[in-house]
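Which chain is which? The protein sequence lines are A and B, in order.
Under the working numbering, the first residue of the first sequence is numbered 45, with each subsequent residue one higher.
Under the working numbering, the first residue of the second sequence is numbered 27, with each subsequent residue one higher.
Before any comments, here is the structure.
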Amino acid sequence: MTPASLSGGPEPAARAAVVSVPVGATRRAWWRTHSAQRYVFGYTLLAPAALYVLLLVGAPFVFSLWLAVSDANVSDPVARFIGLENFRSAWEMETFWIAFQNSVVFLVVAAIFKSVLGTSLAFLLLQQFKGKKLIRGLVVIPFTLPIAISVLSWKWMYDSQFSVINWALSRAGLIGGYGSPDWPIWLGQPHLALAACIAVNVWRTFPFSAIVLLAGFTAVPLEVLDAAKVDGCTFMQRFRHVVVPMIFPILMIGFLFDTVFTLSDLSVVYLLTQGGPGNASKILPVLAYQVGIQAGNLGRGAAIALFLVPLLFPALFLVLRNLKRREW
Amino acid sequence: MTGVVQAVAPPRTKRQKELRRHLLVYAGLAPFVLIAVFPIYWMLITAFKQEPDLYRMDNIPFWFNLPPTLKNFEILFYQTNYGAWIVNTMTISAWVALITLLTAVPAGYALARLRLPGAENIGITIFLTYLVPAIILFLPLSRVIATLGLQDSWWALVVVYPTFTVPFCTWLMMGFFKTVPMEMEEAARVDGCGQLGALVRVVLPVSLPGVLTSVIFAFTLSMQDFLYGLAFVSPGDQKPVPVGVPTELIRGDVFFWGSLMGAALLVGLPVAILYNFFLDRFIQGITGGVVK
Numbered sequence: 045m046t047p048a049s050l051s052g053g054p055e056p057a058a059r060a061a062v063v064s065v066p067v068g069a070t071r072r073a074w075w076r077t078h079s080a081q082r083y084v085f086g087y088t089l090l091a092p093a094a095l096y097v098l099l100l101v102g103a104p105f106v107f108s109l110w111l112a113v114s115d116a117n118v119s120d121p122v123a124r125f126i127g128l129e130n131f132r133s134a135w136e137m138e139t140f141w142i143a144f145q146n147s148v149v150f151l152v153v154a155a156i157f158k159s160v161l162g163t164s165l166a167f168l169l170l171q172q173f174k175g176k177k178l179i180r181g182l183v184v185i186p187f188t189l190p191i192a193i194s195v196l197s198w199k200w201m202y203d204s205q206f207s208v209i210n211w212a213l214s215r216a217g218l219i220g221g222y223g224s225p226d227w228p229i230w231l232g233q234p235h236l237a238l239a240a241c242i243a244v245n246v247w248r249t250f251p252f253s254a255i256v257l258l259a260g261f262t263a264v265p266l267e268v269l270d271a272a273k274v275d276g277c278t279f280m281q282r283f284r285h286v287v288v289p290m291i292f293p294i295l296m297i298g299f300l301f302d303t304v305f306t307l308s309d310l311s312v313v314y315l316l317t318q319g320g321p322g323n324a325s326k327i328l329p330v331l332a333y334q335v336g337i338q339a340g341n342l343g344r345g346a347a348i349a350l351f352l353v354p355l356l357f358p359a360l361f362l363v364l365r366n367l368k369r370r371e372w
Numbered sequence: 027m028t029g030v031v032q033a034v035a036p037p038r039t040k041r042q043k044e045l046r047r048h049l050l051v052y053a054g055l056a057p058f059v060l061i062a063v064f065p066i067y068w069m070l071i072t073a074f075k076q077e078p079d080l081y082r083m084d085n086i087p088f089w090f091n092l093p094p095t096l097k098n099f100e101i102l103f104y105q106t107n108y109g110a111w112i113v114n115t116m117t118i119s120a121w122v123a124l125i126t127l128l129t130a131v132p133a134g135y136a137l138a139r140l141r142l143p144g145a146e147n148i149g150i151t152i153f154l155t156y157l158v159p160a161i162i163l164f165l166p167l168s169r170v171i172a173t174l175g176l177q178d179s180w181w182a183l184v185v186v187y188p189t190f191t192v193p194f195c196t197w198l199m200m201g202f203f204k205t206v207p208m209e210m211e212e213a214a215r216v217d218g219c220g221q222l223g224a225l226v227r228v229v230l231p232v233s234l235p236g237v238l239t240s241v242i243f244a245f246t247l248s249m250q251d252f253l254y255g256l257a258f259v260s261p262g263d264q265k266p267v268p269v270g271v272p273t274e275l276i277r278g279d280v281f282f283w284g285s286l287m288g289a290a291l292l293v294g295l296p297v298a299i300l301y302n303f304f305l306d307r308f309i310q311g312i313t314g315g316v317v318k
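As structure tokens, then:
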């Protein structure tokens, strides 16, 4: 369908003109014209949603900028402007840099595992086989289960003494029994704790990567691939020059969404380790929560959270560009 | 018998080939299914195990070594606020769904169908707010909640959850309304319906699947939240399930793993299954209709 026929083309206006001729189209006031009424109706329908978003997302976002440059805290409701003091003190906090580094490590390592697992799974699900629907349904459960709930399962599996993972490793002879020096305490040892949290994030989101990729693959029309085949393209050439460019936009979007959600999610780390032991698995969202809510220092908490913006901004920009290109 | 086998020999090799391909695919998928499902299986079996059965390292833990029990669920319903959390969760989600419907459906319609100036940019802007993470908004929103006097009640969540369901569902409904043929509305207008009449009597009924999808997402997306519930609601009996279970059932170092897992699964599993059916719509939504 052409855009004209989708949006109704010129007919409604023409019809309106026919209907309104006896009334005298030229003498009507502007607000009674067909399109003015349509605009009023349209913006009225739009208003509730727009107001909600403006008041509860837009305004708070601006307000968080103000909090970040004020000395607001929970006990004292009157906030004063203190410039970039909060950012400076965050900058000088050792914990901040640990959390920053952990956040970046978390994001990058998780992304690598997710893309490898997600791509392999997507290729497998691309095959035709019996029971595909069921298997697909099972594999995506980690993504659809509410995160705060599935983390509990992991907390139990990472138990210091009764961990089922350790039980299996121990039975397989890879580690000694409980109490032996190579018995891993997943959430209690600095490097293991961060790795354990990353593993949960990978577990939760690799199905998402796979499904997004799959959606991309199925968007590539078979005729195009066949045409390329007829023209003598090898498999790699078809992949490189046909499939990749066609699925690139959707891959980008999936990747960016995942970046936003991974960077800003605190539930995995908060529920598993609270950022511990020490600060070994602390990431920026957890730090922002601890400073802003638990310590009551709203200003500094907001400043720490805002440090995520430069990390998120490229993501937002690219999504925006991509959405602009969608068919209207 | 042998004669028959010989006669169908060529198709059989084809079938063997097919069988081998199937086996290969299954073998490839097996580890993925195992990784994905094991934690859920582990929750399920833990929920029905007797307490001593959880702490025996000499037995194989993957099955019951003592007879299964419902005691963990009894504890949950008689000794904790679990029942209240379920009611809270359902009530919160219902309110969120209602608010989402009343705002997102008209907005999606207006942006998709009425050729408003700037509709495209408004639509994208609303959708992008879905990407503003909770971690940036929760501190300023805590002030908003305090000003409204809603701190320490689940009503706080009714106010904040639409901050992500409204943008997402508006976007979803926009895509949905675009697929409804314009002619239907025009016919209704010709038949004497007003603008609102055409929407309510003609377009909405055929868009019911889309409206239903929005309701489902209002529910499932609300259930995915943890941060807002953690930050805004502290009284034990006001929490929704995903927040109440990890924060109230874990006290100090004593873990009632059986009850914990039961509590998590009883609500988590239905949500996961429901979400499962609508996952493709979610992906379609966030990829902005790149995939048709």
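Beta carbons: idealized from backbone N, C-alpha and C, even for Gly.
Every value quoted in this text rests on a predicted model; they were computed, and no experiment measured them.
Do residue j and residue i count as a contact pair if the criterion is CB distance below 9 Å?
i                 : j                 : result
Thr117 of chain B : Val192 of chain B : no
Pro166 of chain B : Ala103 of chain A : yes
Val153 of chain A : Ile255 of chain A : no
Leu356 of chain A : Tyr333 of chain A : no
Leu275 of chain B : Leu70 of chain B  : no
Thr237 of chain A : Trp230 of chain A : Note on identity: in this sequence residue 237 of chain A is Ala, with Thr being the wrong assignment. Yes. Within cutoff.
Ala134 of chain A : Ala324 of chain A : no
Leu360 of chain A : Leu157 of chain B : yes
Asn25 of chain A  : Phe187 of chain A : Chain A is shown only over 45 to 372; residue 25 of chain A falls outside these bounds and no answer can be derived.
Phe144 of chain A : Leu350 of chain A : no
Ala62 of chain B  : Ile185 of chain A : yes
Phe324 of chain B : Phe90 of chain B  : Shown here, chain B extends from 27 to 318; a query on residue 324 of chain B therefore has no answer.
Leu100 of chain A : Pro272 of chain B : no
Ser168 of chain B : Leu109 of chain A : no
Val304 of chain A : Val330 of chain A : no
Leu90 of chain A  : Phe58 of chain B  : no
Phe255 of chain B : Phe203 of chain B : The sequence given here has Gly at residue 255 of chain B, not Phe. Cβ distance not < 9 Å, so Gly255 of chain B and Phe203 of chain B don't count as in contact.
Gly181 of chain A : Phe250 of chain A : no
List the residues of chain B that residue i touches, going by C-beta distances under 9 Å, in chain order.
i                 : result
Pro358 of chain A : Neighbours of Pro358 of chain A on chain B: none; closest Cβ ~12 Å, over 9 Å.
Arg14 of chain A  : An answer regarding residue 14 of chain A cannot be provided, because it is not within the stretch 45 to 372 covered by chain A.
Lys158 of chain A : What Lys158 of chain A touches in chain B: nothing, since even the nearest Cβ is about 13 Å away.
Against residue i, what residues of chain A qualify as contacts under a CB-to-CB distance less than 8 Å, listed in chain order?
i                 : result
Met287 of chain B : Leu196, Ser197, Trp200
Leu80 of chain B  : Phe206
Thr129 of chain B : Pro92, Ala93, Tyr96
Leu167 of chain B : Leu100, Pro104
List the residues of chain A whose Cβ lies closer than 7 Å to the Cβ of residue i, in chain order.
i                 : result
Val122 of chain B : Going along chain A, no residue has its Cβ under 7 Å from Val122 of chain B, so there is no contact; the nearest lies around 12 Å.
Thr196 of chain B : Ala93
Thr319 of chain B : As shown, chain B starts at 27 and ends at 318. That puts residue 319 of chain B outside it, with no answer to give.
Met69 of chain B  : Ser197
Trp283 of chain B : Trp200
Taking residue i as the query, report the chain B residues whose CB atoms sit under 7 Å from its CB, ordered along the chain.
i                 : result
Leu89 of chain A  : Pro132, Ala133, Tyr135, Ala136
Gly86 of chain A  : Ala136, Leu140, Leu142
Thr188 of chain A : Ala298, Tyr301, Asn302, Leu305
Ala155 of chain A : Per Cβ cutoff of 7 Å: no residues; Ala155 of chain A is ~17 Å from chain B at best.
Residues of chain B with CB closer than 8 Å to the CB of residue i, please, in chain order.
i                 : result
Val101 of chain A : Thr155, Val158, Leu163, Thr189, Pro193
Ser133 of chain A : Result: empty, since nearest Cβ-Cβ is about 16 Å, beyond 8 Å.
Lys174 of chain A : His48
Trp211 of chain A : Met83, Pro87
Considering only DSSP beta bridges, list what residue i is partnered with.
i                 : result
Val280 of chain B : B:Arg277
If the cut is a Cβ gap below 9 Å, which residues of chain A does residue i touch?
i                 : result
Ile101 of chain B : Within 9 Å Cβ-Cβ: nothing; Ile101 of chain B doesn't reach chain A, min ~16 Å.
Val186 of chain B : Leu100
Quiz item: What residues in the stretch 295–306 of chain B bring their beta carbon closer than 7 Å to a beta carbon of chain A?
Solution: Val297, Ala298, Tyr301, Asn302, Leu305
Quiz prompt | Within 7 Å of chain A by C-beta, residues of the stretch 226–255 of chain B in sequence order | solution = Met249, Gln250, Phe252, Leu253
Practice problem: Can you check the stretch 51–128 of chain B for any alpha helix (DSSP H) of at least 4 residues that lies completely inside it and give the ranges in chain order? | Solution: 77–80, 97–105
Practice problem: For the stretch 338–352 of chain A, enumerate the residues whose C-beta is nearer than 7 Å to any C-beta of chain B, in chain order. | Solution: Leu342, Gly345, Ala346, Ala349, Leu350, Leu352
Self-check item: Contact set between the stretch 39–66 of chain B and chain A, restricted to residues whose Cβ is under 8 Å from the partner
Solution: Arg47, His48, Val51, Tyr52, Gly54, Leu55, Phe58, Val59, Ile61, Ala62, Val63, Pro65, Ile66
Self-check item: Uninterrupted alpha helix (DSSP H) stretches inside the stretch 110–175 of chain A (no shorter than 4 residues)
Solution: 129–136, 138–170
Quiz prompt | Entirely enclosed alpha helix (DSSP H) segments - the stretch 180–232 of chain B, minimum 4 residues | solution = 181–186, 188–204, 208–216
Self-check item: Whole runs of the alpha helix (DSSP H) within the stretch 304–342 of chain A, excluding any shorter than 4 residues
Solution: 311–316, 328–333
Quiz item: Using a beta-carbon distance cut-off of less than 7 Å, what residues from the stretch 82–98 of chain B approach chain A?
Solution: Met83, Pro87
Exercise. Within the stretch 246–301 of chain A, note down every full alpha helix (DSSP H) run reaching 4 residues or more, in order along the chain.
Key: 266–274, 279–282
Quiz item: Using a beta-carbon distance cut-off of less than 9 Å, what residues from the stretch 320–340 of chain A approach chain B?
Solution: Leu328, Pro329, Ala332, Tyr333, Gly336, Ile337
Exercise. Residues of the stretch 103–121 of chain A with a CB closer than 7 Å to any CB of chain B: list them in chain order, please.
Key: Pro104, Phe105, Phe107, Ser108, Leu111
Exercise. Select from the stretch 250–267 of chain A all residues with a C-beta closer than 9 Å to any C-beta belonging to chain B, and list them in chain order.
Key: Phe250, Pro251, Phe252, Ala254, Ile255, Val256, Leu258, Ala259, Gly260, Thr262, Ala263
Quiz item: Quick one, which residues of the stretch 254–268 of chain B are near chain A if we go by CB-CB under 7 Å, in chain order?
Solution: Ala257, Pro268
Quiz item: Mind listing which residues of the stretch 197–208 of chain B have their C-beta closer than 8 Å to chain A's C-betas, in chain order?
Solution: Lys204, Met208
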